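Engineer:
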DNA sequence: TCCCCACACGTTTTT
DNA sequence: CGTGTGGGGA
């Protein structure tokens, strides 16, 4: 009898032992899912399955890494031969080996991220003379992404286009795709789409992989889209040992093409499926679980499931009615301090969750006022920073000179006298001749019409690139990245600029990433580095906990747990979000997001709503969220900020409430007020010190406007001059 | 090439 | 209110 099964509950043990045939594990929040998956992999290995025959897919790199580590602890180095990665990383690996069978790409393709492809879409719109007001680039990006996730190529999109607009969109899609191919580049969706296409059109490839992977595991199955669904289906078709794990109640990425039916209909796809439900929750108290169960029970399109726990009772859920978002933030901050003082709870054990990023501002200010250390996850992305993208662009050109998109980006970065005129001459020539941009710039004899001066600069650039390319196969990634930064003149340019400090630091950080990469289990070469950089987000290596309170959106919180969690902004129009209120299916997804939020809390949950909230500079009233009403009253402890507000208000002279003419565009017509609750404005003079909630103390440089509309220009040390409206900005005299 | 202003817009985003 | 963008001017 395997030791692996010790300590597992009967359902978990069964899920581990059931190794043959399709298996659906319906794993509720906190039911020990990761443990089951890792034990299952270890068990398979123990049963003699070769590690290279096991394919395990997760949705995040973080989950993949965690699972790798845990399996490694159980079985040792054998784990290194497992195919354990995200869908996208698996596809990238697969495509490096198999993409040339399509005859359209070579194996050294590069992967473009959302920013890269958005830029490309804008170019396409220009070339097609399409108005970017009517064909909004972001929407077009979403449209193409959705089409790809549904496995629709440009041709099929065109065939389905039955109106003018759809035909224009089809043309855009076609041009966009053409450009990707020319650049020998794939977008995220292509990784999945092309992998599926190869499996569907190359029987010999399909057979090889079908035979190879005898056991396939897929985590977070509720979030798979059509392409991912097909990928799993094709790969598993021979052995049929497909084990999927998921929780339909935690499906919150419907808007990204995730199809909840993939999990709901699994038994129909595989009639011999064994279904195992993991319903015992090891994370939260009974009070918290009852609230979660009660809320999710309001969704009609779901299979009934009830999480239970043997952690009876627990702290009641505190429901706070805040006056406004600042009051809410103050309440959260004070509660955090209380936990810290009374129970010596570390800051890292507490998290503040919200529906939309814009809510974070007030919360941050509240934390700062109380000197509470915090981390915000997923706001500014490391790999989205200009300087990082620039260096990556260099690296991608070295790896794949066909990537004109990248070459274009670095042509004059750092500035080297290659202006717009030169660039358009070069691209025109490339288009006319059918040559790649790289071929054009690296061939001085072509009649491109660029000035001799520019030509000289181009020769230097081409020389640099050839030189670096020559070294690429022999140097380690760290040295290559460093060489790019320095020899391109990039670092020198930043050093000249006194505002270049932060950027230089970020480049240093990129070097650290390159150095750490060499230590990892992938071979240290440019190909692997670029693939990794393209597919890894910085949420993955964000140090959570670590003595700081965590602030994040509910989406980012999925899969995490905290002893104490604050669920903020529970208002109709915020959460559920106003944009979903017209559509019952979308409200159900909001409810699942709420379910995810509630189940993050282990010991104590706070929920809060604000009676009034400043949105887009206007005070707006939203009623409490329906989700609050759906929580059982018996588990709630109500508190309110009204009393405090009334006391503050009594000190001020009364004034009438003046409704605005302009109605709400937010779906439920919130009532807006013209006046802020604090109408007494201080008189500011240049030279005075001002204290700001976010930027600290600064000096007033200039004052303009009068009364309510007075604005200040304030210089904050190290942060530049900010323009602030006295009426709204969180400032006071210091 | 940069800077300033007017104007529009404003969910979530594992890869 | 904030941010991003595009036009116009220096």
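Residue numbers (the numbering used here): 2 to 735. Every residue gets a Cβ at the ideal spot worked out from N, C-alpha and C, and that includes glycine. Owing to the predicted nature of the structure, the values given are computational and were not obtained by experimental measurement.
Would you say residue 608 and residue 320 are within 8 Å of each other, going by their C-beta atoms?
Structural biologist: Against a cut-off of 8 Å, the Cβ pair of residue 320 and residue 608 comes out as a contact.
Engineer: What residue ranges within the region 250–303 form continuous alpha helix (DSSP H) runs of no fewer than 4 residues, ordered along the chain?
Structural biologist: Listed in chain order, they are 262–265, 267–270, 287–297.
Engineer: Under a three-way DSSP split, which group does residue 125 fall into?
Structural biologist: Reduced to three states, the DSSP call for residue 125 is helix.
Engineer: Please return the same chain residues whose Cβ sits closer than 8 Å to the Cβ of residue 668, not counting the five positions on each side in sequence.
Structural biologist: Low per-residue confidence applies at residue 668: pLDDT is 39, beneath 50, and the placement is therefore not dependable enough to give any value.
Engineer: So, residue 141 versus residue 122, is the Cβ gap smaller than 8 Å?
Structural biologist: Yes, the pair counts as a contact, with Cβ atoms nearer than the cut-off.
Engineer: How many angstroms separate the CA atom of residue 508 from the CA atom of residue 414?
Structural biologist: Between residue 508 and residue 414, the C-alpha separation is close to 15 Å.
Engineer: Along the chain, where does the beta strand (DSSP E) containing residue 377 start, and where does it finish?
Structural biologist: Per DSSP, residue 377 belongs to the beta strand (DSSP E) from 375–377.
Engineer: Do the region 32–52 and the region 209–221 touch if we need at least three Cβ pairs shorter than 8 Å?
Structural biologist: At 8 Å Cβ cutoff, the stretches touch.
Engineer: Kindly indicate which three-state DSSP category residue 246 falls into: helix, strand or coil?
Structural biologist: It is a strand residue.
Engineer: Near residue 69, which residues of its chain fall below 6 Å by C-beta distance, leaving aside the five closest residues on each side in sequence?
Structural biologist: Around residue 69: 85.
Engineer: Quick one: Cα of residue 291 to Cα of residue 200, how far?
Structural biologist: One C-alpha to the other measures close to 45 Å.
Engineer: Three or more beta-carbon pairs under 8 Å between the region 185–201 and the region 399–413, yes or no?
Structural biologist: Verdict: yes, contact present.
Engineer: Which residues mark the beginning and the end of the beta strand (DSSP E) in which residue 448 is found?
Structural biologist: Neither: residue 448 is in no beta strand (DSSP E) and is coded neither H nor E.
Engineer: Once the 5 residues before and after residue 167 are set aside, which same chain residues still bring their CB inside 7 Å of it?
Structural biologist: Nothing meets the Cβ criterion.
Engineer: Can you tell me whether DSSP reads residue 567 as helix, strand or coil?
Structural biologist: Correct three-state label for residue 567: strand.
Engineer: Decide if residue 161 is buried, meaning its Cβ has at least 16 other Cβ atoms within 10 Å, or exposed.
Structural biologist: Counting Cβ neighbours within 10 Å, residue 161 comes out exposed, since fewer than 16 surround it.
Engineer: Can you name the start and end residues of the beta strand (DSSP E) that residue 551 belongs to?
Structural biologist: That run of the beta strand (DSSP E) goes 550–554.
Engineer: So the beta strand (DSSP E) residue 345 belongs to, where does it begin and stop?
Structural biologist: Taken as a continuous stretch (DSSP letters only), residue 345 belongs to no beta strand (DSSP E), as it is neither H nor E.
Engineer: If you draw a straight line from the alpha carbon of residue 259 to that of residue 303, how long is it in whole angstroms?
Structural biologist: If you take the alpha carbons of residue 259 and residue 303, they lie about 16 Å apart.
Engineer: Our contact map puts residue 223 next to residue 261 with C-beta atoms below 8 Å; I'd like the distance itself, whole angstroms only.
Structural biologist: That belief holds up - the Cβ atoms of residue 223 and residue 261 are roughly 6 Å apart, short of 8 Å.
Engineer: I'd like to confirm the pairing. Which residues does DSSP put opposite residue 485 in its beta bridges?
Structural biologist: Per DSSP, none; premise fails for residue 485.
Engineer: Could you pull the start and end residues of the alpha helix (DSSP H) that residue 529 belongs to?
Structural biologist: 527–536 is the extent of the alpha helix (DSSP H) around residue 529.
Engineer: Rounded to whole angstroms, what is the Cα-Cα separation between residue 1 and residue 566?
Structural biologist: Any question about residue 1 goes unanswered here, given that the chain covers just 2 to 735.
Engineer: Please give me, in chain order, every unbroken run of the beta strand (DSSP E) with length at least 3 that falls completely inside the region 185–235.
Structural biologist: With a minimum length of 3 residues, the continuous beta strand (DSSP E) runs that stay inside the region 185–235 are 186–188, 216–219.
Engineer: Under 8 Å between the Cβ atoms of residue 419 and residue 491?
Structural biologist: No; because the gap between Cβ atoms is not below 8 Å, this pair is not in contact.
Engineer: Restricting to Cα atoms, I'd like to know which of 558, 447, 485 is closest to residue 599.
Structural biologist: Measuring from the Cα of residue 599, the nearest candidate turns out to be 558.
Engineer: Decide yes or no for the touch test of the region 531–538 against the region 483–502: beta carbon pairs closer than 8 Å, at least 3 of them.
Structural biologist: No contact exists between the region 531–538 and the region 483–502.
Engineer: Who are the Cβ neighbours of residue 389 in its own chain at under 7 Å, not counting the five residues just before and after it?
Structural biologist: Correct list, in chain order: 383, 507, 511.
Engineer: If we count the other Cβ atoms within 10 Å of its Cβ and call it buried at 16 or more, is residue 108 buried or exposed?
Structural biologist: By the neighbour-count rule (16 or more Cβ atoms within 10 Å), residue 108 is not buried but exposed.
Engineer: Mark residue 336 as exposed unless 16 or more other C-beta atoms lie within 10 angstroms of its C-beta, in which case mark it buried.
Structural biologist: So residue 336 counts as buried.
Engineer: Give me the Cβ distance between residue 328 and residue 618, rounded to the nearest whole Å; I'm assuming they're in contact under 8 Å.
Structural biologist: That pair is no contact at about 18 Å.
Engineer: Just the Cα atoms here: how many angstroms apart are residue 87 and residue 454?
Structural biologist: When rounded, the distance between both Cα atoms is 48 Å.
Engineer: Which same chain residues, not among the five before or five after residue 176, have their C-beta less than 7 Å away from its C-beta?
Structural biologist: These residues qualify, in order along the chain: 125, 128, 129.
Engineer: Out of curiosity, what's the CA-to-CA distance linking residue 615 and residue 355?
Structural biologist: Cα-Cα distance, rounded: 15 Å.
Engineer: Leaving out five residues on either side along the sequence, give the residues of the same chain with a beta carbon under 7 Å from the beta carbon of residue 147.
Structural biologist: Excluding sequence neighbours, residue 147 sits near 258.
Engineer: Contact check, residue 23 vs residue 225 under 8 Å by CB: the rounded distance?
Structural biologist: Residue 23 to residue 225, Cβ: 15 Å. No contact.
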